[in-house]
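In this note's numbering, the protein residues as written are 1102 to 1269.
Structure, as structure tokens:
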């Protein structure tokens, strides 16, 4: 299948098929992940949760999850501008609240563990913005999107076909 640009004349690169449909072959794991995802989102602002999912997915290079969570963020009322600026949030801090910045910083620290432990100052900034119950949910949401990213990247799930709310 060859896609074309908006004028219908220039061909895009061919869409690569997924390596494997892991959910079909491990349905109980998939169902457990969905339940975990639902549980992790409880009590979190939906737009904040989507920003966290987008940022982790950017860091993990998960195109499928970027497609899904950008669409879900837009459907939840997030602005295109804030989604676009998220990859350069440190230079675009004025687009986000202090609470969102703390969540984004924590997302990066938890996602990129190869650089060491979650720094105390990052954790403390998050702890000042979120009560313990909400912070626990945020940490869970960050862990869950990182797990989803690993499935998406490893199985090379194909982006572009997701419709907002499709998997909720």
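Backbone N, C-alpha and C define an ideal beta-carbon position, used for all residues, glycine too.
Alpha-carbon to alpha-carbon, residue j and residue i
i            : j            : result
residue 1121 : residue 1151 : 26 Å
residue 1287 : residue 1256 : There is simply no residue 1287 to check, as the chain begins at 1102 and stops at 1269 in what is shown.
residue 1174 : residue 1185 : 12 Å
residue 1119 : residue 1203 : 34 Å
residue 1197 : residue 1183 : 8 Å
residue 1169 : residue 1229 : 30 Å
residue 1178 : residue 1110 : 33 Å
residue 1129 : residue 1248 : 15 Å
residue 1234 : residue 1145 : 10 Å
residue 1114 : residue 1176 : 28 Å
residue 1231 : residue 1137 : 21 Å
residue 1216 : residue 1160 : 13 Å
residue 1246 : residue 1112 : 33 Å
Residue from the options with nearest C-alpha to residue i
i            : options                   : result
residue 1244 : 1214, 1221 and 1256       : 1214
residue 1258 : 1111, 1136, 1234 and 1123 : 1123
residue 1251 : 1263, 1176 and 1158       : 1158
residue 1219 : 1267, 1134, 1148 and 1240 : 1240
residue 1162 : 1128, 1212, 1134 and 1206 : 1212
residue 1167 : 1260, 1217 and 1248       : 1260
residue 1223 : 1209, 1137, 1129 and 1233 : 1209
residue 1266 : 1135, 1234 and 1164       : 1135
residue 1205 : 1164, 1148, 1254 and 1253 : 1148
Simplified DSSP assignment, three categories, for residue i
i            : result
residue 1147 : helix
residue 1102 : Caution is warranted here: a pLDDT of 48 is assigned to residue 1102, below 50, making its placement in the model unreliable, and no coordinate value can be reported.
residue 1128 : helix
Beta-carbon gap between residue i and residue j smaller than 7 Å
i            : j            : result
residue 1226 : residue 1187 : no
residue 1242 : residue 1181 : no
residue 1263 : residue 1132 : no
Beta carbon proximity, residue i to chain C, threshold 7 Å
i            : result
residue 1200 : Within the model displayed, chain C is absent; a lone protein chain is all it includes.
(request) Flag this pair as touching only if the region 1134–1141 and the region 1179–1192 have three or more C-beta atom pairs under 8 Å; answer yes or no. (result) no
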